[in-house]
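Numbering (the working numbering), first residue to last: 83 to 284. Scroll down for the structure; my scribbles are underneath it.
Structure, rendered in structure tokens:
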């Protein structure tokens, strides 16, 4: 399983992955239970490069678990530069945004403090900011490492923007995946790596 095509929910209770068969699967991270399966429609014909699980906030207070499942969106980055938003409650794509550059999207970042924005890192070496409600990219190019501090889980963006770290951290990521015997282990190890990145770049 690749970190590029898998993601944990913001609360850490659920795990999503895109399999080689094209199906999106949602797991309960606490007990390895498969909760749902989705077969994305034709809009996902371009190969998926990365997934980010984000929460669409509302005025009502809910538990973290309820919020993650009922108000969640899965955001996909593709090789063609498309940014796709999949609504878990509706079980369908609700947005398909295409960056004019057409550059392959390597990874996505999101933070609850800026819940309406998604950050992308592409082949053109730029970090772009996409606003979900307006379905549009914010003006300007963002290449500073400080833009990556909105999330400690955007490991690939940090690596891509600092090539000297690739040789150090990619083997570590591989070891983490190979030693994780279950979704529960993967969640625990992923959290530890996130804390490590936070200490380095925070």
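Beta carbons: idealized from backbone N, C-alpha and C, even for Gly.
Of the residues the options, the one placed nearest residue i, counting alpha carbons only
i: residue 189; options: 176, 174 and 164; result: 164
i: residue 153; options: 162, 171 and 167; result: 171
i: residue 129; options: 101, 191 and 120; result: 101
i: residue 167; options: 160, 155 and 161; result: 155
i: residue 198; options: 89, 104, 135 and 110; result: 135
i: residue 112; options: 138, 179, 204 and 91; result: 91
i: residue 103; options: 119, 109 and 110; result: 119
Length of the line joining the Cα atoms of residue i and residue j
i: residue 95; j: residue 106; result: 17 angstroms
i: residue 215; j: residue 173; result: 19 angstroms
i: residue 177; j: residue 217; result: 8 angstroms
i: residue 117; j: residue 93; result: 16 angstroms
i: residue 97; j: residue 205; result: 27 angstroms
i: residue 109; j: residue 89; result: 10 angstroms
i: residue 175; j: residue 158; result: 10 angstroms
i: residue 133; j: residue 219; result: 18 angstroms
i: residue 138; j: residue 131; result: 22 angstroms
i: residue 145; j: residue 200; result: Because the pLDDT at residue 145 is just 45, under 50, the model does not fix this residue reliably, and the point stays unresolved.
i: residue 179; j: residue 169; result: 15 angstroms
Paired residues, beta bridge with residue i - DSSP
i: residue 111; result: DSSP lists no partner for residue 111.
i: residue 176; result: None, per the DSSP bridge assignment.
i: residue 213; result: 199 and 218
Assumed close pair residue i, residue j - CB separation to whole angstroms, cut-off 8 angstroms
i: residue 210; j: residue 184; result: About 12 angstroms separates the two Cβ atoms, so there is no contact after all.
i: residue 202; j: residue 212; result: 7 angstroms
i: residue 160; j: residue 187; result: 6 angstroms
i: residue 87; j: residue 99; result: 7 angstroms
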